[in-house]
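Written below as structure tokens is the structure these notes are about.
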Amino acid sequence: MIVYFSGTGNSRYAAALLADRLGDDLVDAGKAIKAGSSADLCSQTPWVFVAPTYAWQMPRVFEEYIRRCRFSGSREAYFVMTCGQDIGRPEEALTRLCQEKDFFFRGVLEVVMPENYLAMFPVPGPAEAAEIIENAHPVLEAGAENIRQMQPFPDRPTGALDRLKSGPVNRAFYPMFVKSGPFRAGADCDGCGLCEKLCPMNAITMEEEHPRWGEGCTHCMACICNCPKETIEYGRRSKGRPRYRCPDYKG
Numbered sequence: 656m657i658v659y660f661s662g663t664g665n666s667r668y669a670a671a672l673l674a675d676r677l678g679d680d681l682v683d684a685g686k687a688i689k690a691g692s693s694a695d696l697c698s699q700t701p702w703v704f705v706a707p708t709y710a711w712q713m714p715r716v717f718e719e720y721i722r723r724c725r726f727s728g729s730r731e732a733y734f735v736m737t738c739g740q741d742i743g744r745p746e747e748a749l750t751r752l753c754q755e756k757d758f759f760f761r762g763v764l765e766v767v768m769p770e771n772y773l774a775m776f777p778v779p780g781p782a783e784a785a786e787i788i789e790n791a792h793p794v795l796e797a798g799a800e801n802i803r804q805m806q807p808f809p810d811r812p813t814g815a816l817d818r819l820k821s822g823p824v825n826r827a828f829y830p831m832f833v834k835s836g837p838f839r840a841g842a843d844c845d846g847c848g849l850c851e852k853l854c855p856m857n858a859i860t861m862e863e864e865h866p867r868w869g870e871g872c873t874h875c876m877a878c879i880c881n882c883p884k885e886t887i888e889y890g891r892r893s894k895g896r897p898r899y900r901c902p903d904y905k906g
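Take 656 as the starting number for the sequence shown in my numbering and just add one per residue.
Okay, structure coming up:
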């Protein structure tokens, strides 16, 4: 069973491709996260957890969801992390999570997809994004074959910098940078409410047909990248940057 969390669609795309190649079931964890619920899940095939990379670790909100859920059947766990550049060194944290859930950790697959974190990094235009997605296919195909053969994902070469990013930098990143305050909707907002609907953390409320950001934002970028009017900005950092939305996987 493939369980995924996605804000702008990169991890949804990767999960859908893997589900297609493996003929496996697909579960969107975002719906349960938004509802604040857990799940009883059963799979006789390996568990495959697919998520974006947040500050060189798996998103904390997705990790908490996995902790809340009950899993029966297979005890094999594979992790797939999409990223704009690299995933750092999340293996230690994922190994600990597997120990808590009585899983056998079968490795993590790094999949470079178009950058979507326009609150901090440049975002590619449509042509470049399409090329990056195409280049991710062989990586995902190889990962699907590893899972099919019940082989662990290959070890990744990492160094001190990767451990630094996934350790102290990750711990400092959330309190320092993951804030909802800079989000604003412009005057041409038509009050459609899509941002409120898409927010997995329920951090957006509509007041007088205008979105307001509160506590709990996890910087998934679903609101700013999916706004039909492209009127949402993250302070000055997002101005002039493309809004990236990964297309649906077509098979």
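Idealized CB from N, CA, C, for every residue including glycine.
On a Cα-Cα basis, can you pick out the residue from the options that is closest to residue i?
i    : options                : result
A710 : C854, D845, Q740       : Q740
E796 : S698, D675, F660, R896 : D675
K686 : G678, K852, A748       : K852
D683 : P809, M656, A791       : M656
G846 : H865, P837, A815       : H865
C844 : I787, E862, M831, N857 : E862
W702 : V794, L673, A690, G691 : L673
F838 : A858, M831, P823       : A858
S698 : G691, D679, M856       : D679
P935 : N801, A815, L816       : Lying outside 656 to 906, the shown extent of the chain, residue 935 is not represented and no answer is given.
Apart from the five residues on each side of it in sequence, which residues of its chain come closer than 6 Å, Cβ to Cβ, to residue i?
i    : result
R867 : T860
A723 : Strictly speaking, residue 723 in this sequence is Arg, with Ala absent from that position. Closer than 6 Å at the Cβ level, and outside the excluded window around R723, lie S693.
P807 : R761, G762
T813 : R744
V833 : H874
F758 : R730, A732
V778 : E770, R896, P897, Y899
Y668 : C901, Y904
V794 : V766
Among residues of its own chain, excluding the 5 on either side of residue i, which ones have a beta-carbon nearer than 7 Å to its beta-carbon?
i    : result
R811 : E765
A706 : Y659, F660, S666, M713, P714, F717, M736
Compute the Euclidean distance between the alpha carbons of residue i and residue j, then round it to the nearest angstrom.
i    : j    : result
C753 : I688 : 20 Å
E746 : R761 : 10 Å
M876 : R730 : 32 Å
G743 : S821 : 6 Å
L681 : P902 : 17 Å
R803 : T700 : 9 Å
Y904 : H792 : 11 Å
G869 : S835 : 7 Å
G652 : I721 : This structure leaves residue 652 out entirely; the chain is present only between 656 and 906.
R818 : T750 : 14 Å
P781 : G662 : 18 Å
C878 : C854 : 7 Å
A785 : F776 : 18 Å
M831 : M805 : 40 Å
M856 : E719 : 13 Å
L816 : P823 : 11 Å
Is residue i near residue j, with beta carbons less than 9 Å apart?
i    : j    : result
E783 : G841 : no
F734 : K756 : no
C880 : R891 : no
F704 : A732 : yes
G728 : R900 : no
L696 : A799 : no
C850 : C872 : no
G906 : A670 : no
Leaving out the 5 sequence neighbours to the left and right, which residues in its chain are closer than 8 Å to residue i when beta-carbon positions are compared?
i    : result
N790 : V767
K894 : E888
E885 : R898
I787 : V767, M768, P769, P779
Original post:
Should the stretch 823 to 840 be called in touch with the stretch 698 to 715, which here means at least 3 C-beta pairs below 8 Å?
Top reply: Per the Cβ contact rule, the stretch 823 to 840 is in contact with the stretch 698 to 715 (3 or more Cβ pairs under 8 Å).
Original post:
If you pair each beta-carbon of the stretch 769 to 784 with each one of the stretch 726 to 745, do three or more pairs fall below 8 Å?
Top reply: Enough Cβ pairs lie closer than 8 Å, so yes.
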